[in-house]
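The letter at position 5 of the sequence shown is residue 5 when you use the numbering used here, and the numbering goes up by one with no holes.
All C-beta atoms, glycine included, are put in the ideal place defined by N, C-alpha and C.
These numbers come from a predicted model, not from an experiment.
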Amino acid sequence: MDHIRTTRGRARGNGRAGSHPFLGKRIVVLTAHPDDEGIAAGTMYENHKTGGKTFLICATYGEKGKSHLARPVSDAALKRIRKAELREAAKVLKVDEVRFLGLPDAGVKERSRELFEKVMRAVTRIKPEYILSFGPDGMSGHLDHIAVGAAARRVARKLRIPLAAFTRADTGPHSDERRKFFLDRRKFGKYARTMPEYRKGDIKVAIDPAIKRRALRRHVSQFGTGDPFAQLPKKVAAQFMGSEHFIREDV
Ligand SMILES: [Zn+2]
Numbered sequence: 001m002d003h004i005r006t007t008r009g010r011a012r013g014n015g016r017a018g019s020h021p022f023l024g025k026r027i028v029v030l031t032a033h034p035d036d037e038g039i040a041a042g043t044m045y046e047n048h049k050t051g052g053k054t055f056l057i058c059a060t061y062g063e064k065g066k067s068h069l070a071r072p073v074s075d076a077a078l079k080r081i082r083k084a085e086l087r088e089a090a091k092v093l094k095v096d097e098v099r100f101l102g103l104p105d106a107g108v109k110e111r112s113r114e115l116f117e118k119v120m121r122a123v124t125r126i127k128p129e130y131i132l133s134f135g136p137d138g139m140s141g142h143l144d145h146i147a148v149g150a151a152a153r154r155v156a157r158k159l160r161i162p163l164a165a166f167t168r169a170d171t172g173p174h175s176d177e178r179r180k181f182f183l184d185r186r187k188f189g190k191y192a193r194t195m196p197e198y199r200k201g202d203i204k205v206a207i208d209p210a211i212k213r214r215a216l217r218r219h220v221s222q223f224g225t226g227d228p229f230a231q232l233p234k235k236v237a238a239q240f241m242g243s244e245h246f247i248r249e250d251v
């Protein structure tokens with residue numbers, strides 16, 4: 001954990017397949033809501049480019065998140081819309097398979113046993129070489145994220161599959177700007193009481209920001225038709241665009 005692995009070479013600089021811990025392999029990316037895949041969007045595309053296969057598993061349909069649609073819609077309608085949007089985003093990212101676990105948005109933690117069983121079944125079938133998911137910080141501190149990360153860790157441990165947790169480029173103390181952004185978001189969902197503390201990553205993936213932006217634009221019901229990064233402070237957005245970061249976990 002004491003070094004940053006930055007592999008350079010082919011395409012945008014992620015080395016030959018085989019030299020990276022998970023690029024070019026069969027990977028499962030386990031998320032909680034449609035649009036969470038943005039955290040590893042560039043990585044999934046790089047995985048395709050280096051000859052790997054990506055299986056994206058999303059625990060919910062994201063039906064509780066605030067909607068950017070012109071008219072209010074029911075939870076059932078929003079489920080259908082967000083399911084389709086994630087499938088579209090996954091197509092852009094060349095994801096090989098998308099699977100939804102159908103758990104209730106904002107209620108994943110309460111269903112952690114069912115979550116574990118469903119993840120276990122899916123991962124047993126897929127037989128990935130690596131799993132990517134949330135760490136204990138849940139990135140934003142969302143309780144669904146934290147629950148999904150915990151399930152990923154349990155499954156990885158049981159099946160002895162290497163696991164890496166999402167983290168950010170800008171670890172360290174929170175700036176005022178970042179603090180404000182996270183506190184504002186807490187209006188939309190269920191969050192841990194404390195601000196997340198980020199650990200420094202030891203795996204860095206250089207990504208194509210245009211692909212990431214194109215994929216996230218598919219989530220019209222969440223970001224509207226404009227730039228999905230417009231809602232983020234500029235500095236935060238810039239960090240999401242250049243590279244994606246992961247922490248190798250001991251399981
Ligand atoms: Zn989420």
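Contacts around residue 131, its chain only, beta-carbon distance under 6 Å, and the 5 residues preceding and following it disregarded
Residue numbering aside, residue 131 sits at position 131 when the sequence shown is read from its first letter. Contacts found: 28, 152, 156, 161, 163.
Residue 216 burial status per 10 Å Cβ neighbour count (16 or more: buried):
One-based indexing of the sequence shown puts residue 216 at position 216. It is buried - the Cβ of residue 216 has at least 16 other Cβ atoms within 10 Å.
Would residue 128 and residue 86 be called neighbours here (beta carbons separated by less than 8 Å)?
Looking up residue 128 in the sequence shown gives position 128. Looking up residue 86 in the sequence shown gives position 86. Cβ distance not < 8 Å, so residue 128 and residue 86 don't count as in contact.
From the DSSP output, read off the bridge partner residues of residue 225.
Numbered from its first residue, the sequence shown carries residue 225 at position 225. DSSP, once it has assigned bridges, lists no residue as partnering residue 225.
In chain order, what residues place their C-beta within less than 5 Å of a heavy atom belonging to ligand 1?
32, 33, 36
Quick check on DSSP: helix, strand or coil for residue 180?
On the sequence shown, position 180 is the one that residue 180 refers to. In this structure, residue 180 counts as helix in the three-state DSSP scheme.
What residue does the beta strand (DSSP E) around residue 192 start on, and which one ends it?
Position 192 of the sequence shown holds residue 192. Residue 192 -> no beta strand (DSSP E), and no H or E assigned at all.
Closer than 8 Å is the cut-off here; do at least three beta carbon pairs connect the region 91-109 with the region 41-56?
yes
Assuming residue 141 contacts residue 195 under a Cβ cut-off of 8 Å, what Cβ separation, rounded to an integer in Å, is found between them?
For the purposes of this step, residue 141 is taken as the residue at position 141 of the sequence shown. For the purposes of this step, residue 195 is taken as the residue at position 195 of the sequence shown. Between residue 195 and residue 141 the Cβ distance is about 7 Å, and since that is below 8 Å, they are a contact.
Contiguous alpha helix (DSSP H) assignments of at least 4 residues, all confined to the region 90-173
112-126, 138-141, 143-159
The region 53-62 touching the region 75-82, judged by at least three CB pairs closer than 8 Å
yes
Quick check on residue 223: buried or exposed, where buried means 16 or more other Cβ atoms within 10 Å of its Cβ?
Taking the sequence shown and counting its residues from 1, one reaches residue 223 at position 223. It is buried - the Cβ of residue 223 has at least 16 other Cβ atoms within 10 Å.
I need the straight-line Cα distance from residue 5 to residue 202, nearest angstrom please.
Working through the sequence shown from its first residue, we reach residue 5 at position 5. Working through the sequence shown from its first residue, we reach residue 202 at position 202. Because residue 5 sits at a pLDDT of 46, beneath the cut-off of 50, its placement in the model cannot be relied upon, and the point is left open.
Since residue 239 and residue 165 are thought to touch, with beta carbons under 8 Å apart, how far apart are those beta carbons, to the nearest angstrom?
Locating residue 239 in the sequence shown gives position 239, where the first residue counts as 1. Locating residue 165 in the sequence shown gives position 165, where the first residue counts as 1. Wrong, their Cβ atoms sit about 17 Å apart, outside the cutoff.
Sub-8 Å separation of residue 212 and residue 243 beta-carbons:
The residue labelled residue 212 in the question sits at position 212 within the sequence shown. The residue labelled residue 243 in the question sits at position 243 within the sequence shown. Not in contact: residue 212 and residue 243 (Cβ atoms no closer than 8 Å).
Roughly how many angstroms lie between the CA atoms of residue 177 and residue 183, to the nearest whole one?
One-based indexing of the sequence shown puts residue 177 at position 177. One-based indexing of the sequence shown puts residue 183 at position 183. Their Cα atoms are separated by approximately 10 Å.
Out of 250, 251, 236, which has the shortest C-alpha to C-alpha gap to residue 39?
For the purposes of this step, residue 39 is taken as residue 39 along the sequence shown, with counting starting at 1. Nearest option by C-alpha distance: 236.
Please classify residue 37 as buried or exposed, where buried requires at least 16 other C-beta atoms within 10 Å of its C-beta.
Along the sequence shown, one-based indexing puts residue 37 at 37. Buried, since its Cβ has 16 or more Cβ neighbours within 10 Å.
In the DSSP assignment, find the beta strand (DSSP E) that holds residue 39 and state where it starts and stops.
Taking the first residue of the sequence shown as position 1, residue 39 is located at position 39. Careful: residue 39 lies outside any beta strand (DSSP E) and carries neither H nor E.
Determine the direct distance from the alpha carbon of residue 104 to that of residue 89, and round the result to whole angstroms.
Your numbering for residue 89 matches position 89 in the sequence shown. Your numbering for residue 104 matches position 104 in the sequence shown. Using only the alpha carbons, I get a separation of about 21 Å.
Distance between residue 58 and residue 122 (C-alpha atoms, nearest Å):
Position 122 of the sequence shown holds residue 122. Position 58 of the sequence shown holds residue 58. If you take the alpha carbons of residue 122 and residue 58, they lie about 11 Å apart.
May I have the straight-line CA-CA distance separating residue 173 from residue 181, to the nearest angstrom?
Within the sequence shown, numbered from 1, the residue matching residue 173 stands at position 173. Within the sequence shown, numbered from 1, the residue matching residue 181 stands at position 181. About 14 Å.
With H, G and I counted as helix, E and B as strand and the rest as coil, what does DSSP make of residue 65?
Numbered from its first residue, the sequence shown carries residue 65 at position 65. Note: residue 65 maps to coil in three-state DSSP.
Bounding residues of the alpha helix (DSSP H) (the contiguous stretch that carries residue 216)
Locating residue 216 in the sequence shown gives position 216, counting from the first residue. Residues 209-216.
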